[in-house]
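Q: Residue numbers (this note's numbering): 366 to 486.
The structure is reproduced here in structure tokens:
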């Protein structure tokens, strides 16, 4: 994700957040620029409700970094990050937008930053 690291560098006050602990291997963007990173703790309340908890977000600008865009993975954590004190939430991922994804996404985040392609493993 070198392209995302370049975008991230320009927004040097961002803290990288991952959607969950299972995504911890996706910290390449943050480590490439020596940026702080963490992940959201998820607690499933019921079949339709997930509670997200983060650490020390008051006044921080946050980037949710992922290797793909699933709009649900962004709006729920974005709301959680804001409610816990984040001042901005940005989504960063390789981009492929279908079915009105951008319209849904921009309701929850301050910026959408995407690359044109994703590298093969």
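Think of the CB as a built atom: it goes at the ideal place given N, C-alpha and C, for glycine as much as any other residue.
None of the values given here were measured: they were computed from a predicted structure.
Does the separation of the CB atoms of residue 453 and residue 426 fall below 7 angstroms?
A: The residue you call residue 453 lines up with position 88 of the chain shown. The residue you call residue 426 lines up with position 61 of the chain shown. Yes; because the gap between Cβ atoms is below 7 angstroms, this pair is in contact.
Q: Comparing alpha-carbon positions, which option in 463, 443, 462 lies nearest residue 472?
A: As a working mapping, residue 472 is identified with position 107 in the chain shown. Checking every option, the nearest Cα to that of residue 472 belongs to 443.
Q: Given residue 424, which residues of its chain have a CB within under 7 angstroms of its CB, disregarding the five upstream and five downstream residues?
A: As a first step, residue 424 must be located in the chain shown, where it is residue number 59. Answer for residue 424: 450, 452, listed in chain order.
Q: Candidates 458, 468, 464, 422: which alpha carbon is nearest residue 479's?
A: Taking the chain shown and counting its residues from 1, the one referred to as residue 479 is at position 114. The candidate whose alpha carbon is nearest that of residue 479 is 458.
Q: Suppose you measure from the CA of residue 409 to the CA of residue 446; what does that come to, to the nearest Å?
A: Against the chain shown, residue 409 aligns to sequence position 44. Against the chain shown, residue 446 aligns to sequence position 81. Their backbone Cα atoms lie some 17 angstroms apart in a straight line.
Q: Pull up the DSSP beta-bridge partners for residue 454, would you.
A: By one-based count along the chain shown, residue 454 stands at place 89. Answer is 427, bridged to residue 454.
Q: Mapping the DSSP letters down to three states, classify residue 479 as helix, strand or coil.
A: The residue you call residue 479 lines up with position 114 of the chain shown. Of the three classes helix, strand and coil, the one that applies to residue 479 here is strand, per DSSP.
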